[in-house]
Amino acid sequence: MPTSVPTRILVAPSGFKESLSPEGVCQAVAAGVRRLLPGAVVVELPLVDGGEGSAATMARATGGDLITTRVTGPVGEPVDSYLARLGGSAQGTWLVEMAAAAGLRLVPAGMRDP
Numbered sequence: 504m505p506t507s508v509p510t511r512i513l514v515a516p517s518g519f520k521e522s523l524s525p526e527g528v529c530q531a532v533a534a535g536v537r538r539l540l541p542g543a544v545v546v547e548l549p550l551v552d553g554g555e556g557s558a559a560t561m562a563r564a565t566g567g568d569l570i571t572t573r574v575t576g577p578v579g580e581p582v583d584s585y586l587a588r589l590g591g592s593a594q595g596t597w598l599v600e601m602a603a604a605a606g607l608r609l610v611p612a613g614m615r616d617p
């Protein structure tokens, strides 16, 4: 007699800008899946793309640390950015949040030259 294998669902969203973080989206979607499919194995994997909140998300997801640091921005001015020192199996790996260090919002419209 074959044994049944539980349904496995991977919830892997990025965030909703100015609304929910990747973790928030994961939690909301996973809660809905668990309500509809109580026997399912639900794996939550928040995704990031280097944009706002990426370093914090990766630090939390791996049990690492988030460090605020002052860097030189894209027009030579000092700006605060974030480094994630990843934990778990990724120990020794660092992630720079480029949106905070050199994002387009840091370049005045008159200085942009695509």
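If you're matching positions, the sequence shown starts at 504 in the working numbering and goes up one per residue.
Beta carbons: idealized from backbone N, C-alpha and C, even for Gly.
Task: Proximity below 9 Å, CB of A559 to CB of R511 - done: Along the sequence shown, one-based indexing puts residue 559 at 56. Along the sequence shown, one-based indexing puts residue 511 at 8. The answer is no: Cβ separation not under 9 Å.
- [ ] Could you tell me which residues DSSP puts in a beta bridge with P581?
- [x] Locating residue 581 in the sequence shown gives position 78, counting from the first residue. P581 pairs with T575.
TODO: Would you mind reading off the limits of the beta strand (DSSP E) that contains E526?
DONE: As a first step, residue 526 is located in the sequence shown; it is residue number 23 there, counting from the start. Segment P525 to L539 is the alpha helix (DSSP H) holding E526; no beta strand (DSSP E) there.
- [ ] Determine, using beta-carbon pairs with one atom in the segment 592-605 and one in the segment 548-563, whether at least three such pairs fall under 8 Å.
- [x] yes
Open item on the list: Under DSSP, the beta strand (DSSP E) around R511 begins and ends at which residues?
Closed with: Translated into positions along the sequence shown, residue 511 becomes position 8. Counting along the chain, the beta strand (DSSP E) containing R511 begins and ends at R511 to V514.
Task: Close beta carbons around P509, own chain, < 7 Å, minus the five adjacent residues each side - done: The sequence position of residue 509 within the sequence shown is 6, counting from 1. Around P509: G542, A543 and V544.
Task: Given 8 Å, three or more beta-carbon pairs between the segment 570-584 and the segment 517-537 - done: no
- [ ] Following the continuous alpha helix (DSSP H) through S557, name the residue where it begins and the one where it ends.
- [x] Numbered from 1 along the sequence shown, position 54 holds the residue referred to as residue 557. Taken as a continuous stretch (DSSP letters only), the alpha helix (DSSP H) holding S557 covers S557 to T565.
Open item on the list: Can you tell me which residues form a DSSP beta bridge with V599?
Closed with: Here residue 599 refers to the residue found at position 96 when the sequence shown is read from its first residue. DSSP lists L586 as partners of V599.
Open item on the list: Helix, strand or coil for L550? Go by DSSP, reduced to three states.
Closed with: Taking the first residue of the sequence shown as position 1, residue 550 is located at position 47. Assigned with DSSP and collapsed to three states, L550 falls in coil, not helix or strand.
Task: G567 to P549 span [Cα, whole Å] - done: Here residue 567 corresponds to residue number 64 of the sequence shown, with the count starting at 1. Here residue 549 corresponds to residue number 46 of the sequence shown, with the count starting at 1. For G567 and P549, the distance between alpha carbons rounds to 15 Å.
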